[in-house]
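Q:
Residue numbers (my numbering): 7 to 233.
1) Measuring CB to CB, does residue 60 end up less than 8 Å from residue 21?
2) Can you tell me which of the three DSSP states residue 144 falls into?
3) Indicate the three-state DSSP secondary structure (helix, strand or coil) for residue 187 in the structure shown.
4) Compare the beta carbon distance of residue 185 and residue 162 with 8 Å and say whether it is the shorter of the two.
5) With distances taken from CA atoms, which of 72, 42, 158 and 153 is nearest residue 224?
6) For residue 115, collect the residues of the same chain with a Cβ closer than 6 Å to its Cβ; drop the 5 residues on either side in sequence, then sort them by chain order.
7) With a floor of 4 residues, list each alpha helix (DSSP H) that falls wholly inside the stretch 41-109, ordered by position along the chain.
8) Since residue 212 contacts residue 144 with CB under 8 Å, what's their CB separation in whole angstroms?
9) Can you tell me the Cα-Cα spacing of residue 56 and residue 23, whole angstroms?
10) Between which two residues does the alpha helix (DSSP H) holding residue 37 run?
11) Under 8 Å: do the stretch 160-178 and the stretch 124-135 share three or more Cβ pairs, one atom per stretch?
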């Protein structure tokens, strides 16, 4: 079943909205309840986000492909699965949905709806962590698309939950999420001046994964000719 563009855009908006709301909202709740234990707060935040990803991908994957991430939409455009206007529109609604998700999370917890984060997230280690996190996310998605589409929701949820802990950046891996979190001076925020370097690292990670995995998952021409 193919859905029209309007429904696909709404699905991408809603999915990214719920994703960012889960990230920011669970971060606020975790910080309030963890009593200063940052490891516990991160664990709670991770569990909520991993579960949310599983649910929203399951719900929307058949409608829009469940990108919820400009890096994913960029890769799908490079693969020819989206044309350029569709990819641009996907990215636009993802950013809008993410920012609204942050605002709604703030309102639920009685905070100022629009904020500017003061949390510093910068340095070569964190930039490289974002490159690795995004590379791994795209590899996870392309592997599922190629071999087992039915597993994409649990695979993405589990990958992001894991990458919270093995990457120095706690695995943002999503330009729409990065932008939205710049407007949240909470546990999950990132200072606006540190956003561009993260965005660049994510785009480079996505492109690198698309190139390598595109080659890796394509049957070899030499092997085919030998047969």
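Heads up, the beta-carbon is just placed ideally off N, CA and C, and yes, glycines get one too.
A: According to the data block:
1) no
2) helix
3) helix
4) no
5) 153
6) 34
7) 44-70 and 76-84
8) 5 Å
9) 15 Å
10) 11-39
11) yes
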